[in-house]
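Below is one structure, written out as structure tokens, with a few remarks after it.
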Amino acid sequence: METINTLQEFMLHTKNITYVLMVVALLGITGFWLFLTERDDD
Amino acid sequence: MSEDTATMGKPTLSPFNIVAGVILLVGGILTILRFTQGLDAVTNLSDYNPWGIWIGFDLLVGVALAAGGFVTSAAVYLFGMKHYHAAVRPAILTGFLGYALVVLALHYDVGRPWRLPYPFIMQRGTTSLLFEVAACVALYLTVLFIEFSPAALEWLGLKRARSIVLKLTILLTIFGVVLSTLHQSSLGALFLIAPSKLHPLWYTPYLPVYFFVTAVIAGLSMVIFESTLSHRFFSHKMDAAHLAEKDTVPLGFGKAAAFVLAGYFIIKVIGISAGNTWHYLATGYGAWYLVEVLGFVALPAFLYAVGVRDKNITLIRWTAAWTVLGIVVNRFNICLVAFNWHLPASERYFPHWMEIGISVFIVTLGIVIYRFIVTRMPVLYEHPDYDAH
Amino acid sequence: MSLSRRKFLGWIGAAGMTAAAGRKASAATTHHFEGYPESMAVLHDTTFCIGCRRCEGACNTVNELPAPEVPFTDLNVLEKQRRTTSKAYTVVNQKPGNASGPLFVKNQCNHCLEPACASACFVNAFTKTKEGAVVYDASVCVGCRYCMIACPFEIPTYEYDSAFSPRIMKCTMCHPRVLEGKLPGCVESCPTEALIFGKRDDLLNIARQRITRRPNNYVDHIYGEREMGGTSWLYLSGMPFETIGMRMDLGVTPAPELTAGALGAVPMVVGIWPVLLTGIYAMSKRKEKIAAEEKAQALATALADADAQATAKMDAAMEKAKQEKATAIEKAVKEALEAEAKARAEIEAEAEAAAAAPPQEAPDEDDKDD
């Protein structure tokens, strides 16, 4: 198991994941909104 | 209409065309010089001053002034201010052109412009605020393109495609606001990494907040400013709805700008207090800082308010122009004037005339393209075949 | 291959947090990082520097930089304050010093433990190696020059004169040579003990010992121990560091921490803004809907009112018509009756006169006239 030794590496590692999560989040929240309002009358 | 047909038909030797033609010609020569001889041949950039006016003006000011698109579309589509509907298309168009020109200007500034997609396709430097800016600008340019496309599709008569895009309006608007919030603020956050180079009056952890709030102010003021110019030069292209907005847009947007400016003034003072940089106000840089905060924030807030109270459209319009100038002053201060303040005068940057030439060239290009589009596509009027949506 | 594996894990991490757990921070709870253990560094003891410029010459040779305008043996250039350029990774500057003569300071990349250039680079072209060097990869560089903005020591330089392949140029701490087991060019060429290469921890100890042993010769500060989170180039000086051109106001905050707050706000905006904006949209839409409904209702009420009014008017008219008709009928009946009575009287009279033969048409004719 590799170890993170610098803050810079830690930031790079976590931000890489964060950016992927942000894309997933934007798509997900859009889909969830559609699911939520699908049966609305208007 | 006779003037219109003249501009629509073969090019004539109107003063505008002559001036624009000369600028575009000189710009073309400078462009060749830049891309064959390198940055050294046309700029005063140095190892101490890696960023000049192509970043300070073309990127920072350009992006801030193009904020009218997201401000207007959010007001109309999300906040339900339907009565400003006619203002959306011109604002989206100027936003789109603004961002497109920002990206064009970046091709001049970066050393190897053909590598601009590298942050996305080669290696992602996700710890960089510039990565954030690049990703958001790229995405937002796409969003603006889609948001503007109905006008082009109406012009081309593609009804199916147009109706598909219109269904996405709300989604695109929300996306636009999210992306704008992010990259407008991140442009300010770019400077957070250099506390030792930016003057303490301008360096504050609130920089991203300041940049976002000033972008809203810039967006509101630019809509007023642009509508002033459009009513002067393109009123023959406008339909009743746009002509009717001649006064309502300055009043409504001026009122909003006045209040946002007031809030911005408050957080600027809080920034000084939080950084405990009061004593710098007594220095030369402090005087210049006060000019910025009192002359370009407090003063326009007051003038906007007077204009709105008295329904003085002329005053509101002049204040809008003054506020836009204030945004330029603010961005220049952070990127150029207060940056590297610790260096001796001999090492400081002043733009080469050719750098200014390229910037003028790019702005001119924007005006020419704007004119081309509004004289052809349904921007300042509703297309007769389509309902107001 | 560790880099690609690391990146792979980074991207896959989003799919499942188990993969993300594959990387362990040395002290994840506090997010405090000590840097690579056993990493190498250079100690520059300025009190030993004689300003011979041999380090500059060696640097130029090992890095295959273009020949200088003035040969490295010419020491007159020392008096003019110089900085690193795209053609010189290191420069030695002469400082006024004290009674015992001028001082000399070598300037080059300090190889930060937490490099600002690496934090700022949007293509991740800079890497802090475990050997200690901060190295740059020109093959991905776009040339935005944000690293030059970010560097607190103003070290990275740019090949502004190159139209097609400009690069950032800066000291590599002779990373390729170090990997081969050699000394950095400048250290190898130094005729005095002004430059020592070794493990950073060892060098810090040596520096401390020198200060302790000869406190009159040194200011009690090891420059680079904590500046900007610490650097792999350490300095000792006999004069306050400001007087030899080194900034003491840089602070000890590592560069990535300066932007951590702003970077941390980004996913919060992405997460919460759509919720807030959709909420505002939904509220304004609902308001619109209610307004539309109220309008419709008001319209309906108005219509109903109008209807009722119309009906009433109609009724009144009908009533009037009816009454008129009734009056007319009454009148007609009365007239008819009168006519009949009259007729009957005539008939009776006739009958009396002419006996029998009853009349039938006369009353009908009267009705028609009416």
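Chains as they are written, first to last, in our numbering: chain E, 3 to 44; chain S, 3 to 391; chain L, 506 to 875.
For each residue, glycine too, the CB sits at the ideal point set by N, CA and C.
(request) Would you decide whether L684/L is buried or exposed? Buried here means 16 or more other CB atoms lie within 10 Å of its CB. (result) exposed
(message) For chain L, check one thing: does any of its Cβ atoms lie closer than 7 Å to the Cβ of A191/S?
(response) For A191/S, the answer is yes, since a Cβ of chain L falls inside 7 Å of its Cβ.
(message) Just verifying my parser: in three-state terms, what is the DSSP assignment at Q599/L?
(response) strand
(message) Using 7 Å as the threshold, is the C-beta distance between A43/S and G70/S below it?
(response) In this structure, G70/S does not lie closer than 7 Å to A43/S by Cβ.
(request) Give me the Cα-Cα distance between S531/L and L9/E, rounded to the nearest whole angstrom. (result) For S531/L, the pLDDT reaches just 49, beneath the cut-off of 50, and the residue's location in the model is therefore unreliable, although a value from the coordinates is still provided. For S531/L and L9/E, the distance between alpha carbons rounds to 10 Å.
(request) Compute the Euclidean distance between the alpha carbons of V771/L and L189/S, then round it to the nearest angstrom. (result) 12 Å
(request) Identify which residue in V225/S, L95/S, Y50/S and L143/S has its Cα closest to the Cα of F352/S. (result) Y50/S
(request) Please decide whether L38/E counts as near chain L, where near means a Cβ-Cβ distance under 7 Å. (result) no
(request) For L29/E, decide whether its Cβ has a neighbour in chain L, counting only Cβ atoms nearer than 7 Å. (result) no
(message) Closer than 8 Å between beta carbons: that is the criterion. Which residues of the stretch 252-283 of chain S meet it against chain L?
(response) none
(request) Check distances from the C-beta atoms of the stretch 8-34 of chain E to those of chain L and list, in chain order, the residues that come in under 9 Å. (result) T8, L9, Q10, E11, F12, M13, L14, H15, T16, K17, N18, I19, T20, Y21, V22, L23, M24, V25, V26, A27, L28, I31 and T32
(request) May I ask which residues mark the beginning and end of the beta strand (DSSP E) holding I336/S? (result) From DSSP, I336/S is part of no beta strand (DSSP E); its letter is neither H nor E.
(message) Please classify N598/L as buried or exposed, where buried requires at least 16 other C-beta atoms within 10 Å of its C-beta.
(response) buried
(request) Counting only runs of 3+ residues fully inside the stretch 218-296 of chain S, write out the beta strand (DSSP E) ranges in chain order. (result) none
(message) Measuring only from the beta carbon, is A563/L closer than 6 Å to any heavy atom that is part of the ligand HEM?
(response) The ligand HEM is not among the ligands present in this structure, which contains no ligands whatsoever.
(message) For K633/L, list the residues DSSP reports as bridge partners.
(response) Answer is V639/L.
(message) Against chain L, with Cβ distances strictly below 7 Å, would T179/S count as a contact?
(response) It should be pointed out that residue 179/S corresponds to Val in this sequence rather than to Thr. Closer than 7 Å to some Cβ of chain L, the Cβ of V179/S qualifies, so yes.
(request) List the residues that DSSP assigns as beta-bridge partners of A546/L. (result) A546/L pairs with G703/L.
(request) Report buried or exposed for D754/L, applying the criterion of at least 16 other Cβ atoms within 10 angstroms of its Cβ. (result) Looking at its Cβ environment, which holds fewer than 16 other Cβ atoms inside 10 Å, D754/L is exposed.
(request) Could you please tell me which residues of the stretch 597-626 of chain L, in chain order, have their CB closer than 7 Å to any CB of chain E? (result) L618, E619, P620, A623 and S624
(request) Using only alpha-carbon positions, find the residue among R650/L, V724/L, P542/L and C557/L that is nearest to M744/L. (result) V724/L
(request) Show which residues of chain E have a CB atom less than 8 Å away from the CB atom of E762/L. (result) Correct list: L9.
(message) Within the continuous beta strand (DSSP E) that includes F304/S, where are the two ends?
(response) No beta strand (DSSP E) holds F304/S; the alpha helix (DSSP H) holding it covers L301 to R311.
(request) Output yes if chain S places a C-beta closer than 7 Å to the C-beta of N568/L; else output no. (result) no
(message) Check this for me: beta carbons of V179/S and I219/S, under 7 Å apart or not?
(response) no
(request) Locate the beta strand (DSSP E) running through K611/L, then write down its first and last residues. (result) G606 to N612
(request) List the residues that DSSP assigns as beta-bridge partners of W738/L. (result) V547/L
(message) Quick check: what's the CA-CA separation for A303/S versus M545/L?
(response) 57 Å
(request) Name the two residues that bound the continuous alpha helix (DSSP H) containing T758/L. (result) Bounds of any alpha helix (DSSP H) do not take in T758/L, whose DSSP letter is neither H nor E.
(message) Could you check whether the Cβ of N629/L sits closer than 7 Å to any Cβ belonging to chain S?
(response) yes
(request) Mind listing, in chain order, the continuous alpha helix (DSSP H) runs of no fewer than 4 residues lying wholly within the stretch 147-186 of chain S? (result) The stretch 147-186 of chain S contains these whole alpha helix (DSSP H) runs: 161-169.
(message) Is the separation between the beta-carbon of V90/S and that of V65/S shorter than 7 Å?
(response) no
(message) Against chain S, does T634/L count as a neighbour if the rule is that its beta carbon must be under 7 Å from one of theirs?
(response) no
(message) Could you check whether the Cβ of T128/S sits closer than 7 Å to any Cβ belonging to chain E?
(response) yes
(request) For G648/L, go through chain S and note every residue whose CB falls closer than 7 Å to its CB, in chain order. (result) The contacting residues are V112, G113 and R114.
(request) Could you tell me whether the Cβ of N639/L comes closer than 7 Å to any Cβ of chain E? (result) According to the sequence displayed, residue 639/L carries Val and not Asn. Closer than 7 Å: no.
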